[in-house]
Amino acid sequence: MKVKKILVSQPKPASDKSPYYDIARRYGVDVVFRPFIKVEGLSAREFRQQKININDFTAIIFTARQAVDHFFRLCEEMRITVPDTMKYFCTTETIALYLQKYIIYRKRKIFHGQTGKLDDLIPSLTKHNKEKYLYAISDVHSDTTNILDRSKINYTKAVMYRTVSNDFGPDEKFDYDMLLFFSPAGIDSLMKNFPDFRQGDIQIGCLGASTAKAVEVAGLRLDLEAPSSKAPSITAALDLFLKEHQEEAPAE
């Protein structure tokens, strides 16, 4: 079966230089960006149920820009003034620079990793072992806290936002030849929205081992997976798949 229409379960890229657009032109396919999941913040009331006092902490760990947004939103809603002495530990430089949206960057103690993994932050965290860390997370997250425990980091996990299904409307068409997923929550949303879903000829691709496992658990067939030895990214895997299964579109 020739792939004509692909659903990418992520928000539309901010830049028109996305590899997805190159792939769409090269193979003459229609790429539609439509997230299966969305993030919503906890209310101040919900956050208080965790019995966490933000003012008790001297440092905070961020692993996503969404965590940054919801941390400062909750502080504003609860009328908490974040002290200038607060230290920020981010898993990437991109997240660290994103803090400029809320604080005067050059006047704060900010540390970041290079790989995006929590492991990469351990040297900085242990160097500041007198700090009391708040770890801002989603309700659905990879439990990587074992490394914090082994390193004897004094931390508390604080759920500040949640991942929910981005439901399809009754008049919304679902006429795709391929679906690309990026988290187990996306697969859960597919099955919630379409409990009678039958895959048939629809191709399913995913990013990451946990998402691949979710596809298997749902009883679906996985046709494309990244990363792999030949394709380090989902767009590289998609390019290889289409190259193998259909001809390139004629140049205009």
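If you're matching positions, the sequence shown starts at 0 in numbering that gives the first Met the number 0 and goes up one per residue. Glycine included, every Cβ here is placed at the ideal spot set by N, Cα and C.
Distance, residue j Cα to residue i Cα
i: F88; j: R161; result: 21 Å
i: K108; j: V158; result: 23 Å
i: I102; j: E130; result: 20 Å
i: L219; j: Q198; result: 7 Å
i: D222; j: K11; result: 23 Å
i: V216; j: P226; result: 20 Å
i: F196; j: L96; result: 42 Å
i: A213; j: I186; result: 7 Å
i: D83; j: R24; result: 49 Å
Closest by C-alpha distance to residue i, when choosing among the options
i: I79; options: R47, D166, T155 and M177; result: R47
i: Q9; options: A236, A184 and T57; result: A184
i: P122; options: R149, V7, D138 and F71; result: R149
i: F167; options: S188, L120 and L147; result: S188
i: I5; options: G27, S14 and E45; result: G27
i: A43; options: K191, I36 and F71; result: F71
i: T62; options: V139, Y20, E75 and V31; result: V139
i: K191; options: N165, F181, G207 and L179; result: N165
i: G207; options: I201, D200 and L179; result: L179
Those residues which DSSP pairs with residue i across a bridge
i: I136; result: V158
i: Y87; result: I59 and I109
i: D29; result: K4
i: E39; result: R161
Near the ligand GTP: residue i beta-carbon under 6 Å from a heavy atom
i: A184; result: This structure lacks the ligand GTP, and indeed carries no ligand of any kind.
Local Cβ density within 10 Å of residue i, reported as buried at 16 or more and exposed below that
i: F173; result: exposed
i: A287; result: The requested residue 287 is not part of the displayed model; the chain covers only 0 to 251.
i: I203; result: buried
i: H111; result: buried
i: F35; result: buried
i: H69; result: buried
i: F193; result: exposed
i: S137; result: buried
CB-CB length for residue i against residue j, believed under 8 Å
i: I22; j: D238; result: 6 Å
i: A135; j: A66; result: 4 Å
i: T90; j: L117; result: 6 Å
i: K156; j: T144; result: 7 Å
i: H244; j: V2; result: 7 Å
Below-7 Å beta-carbon distance, residue i vs any chain D residue
i: E246; result: Absent here is chain D; the protein component of the structure consists of one chain.
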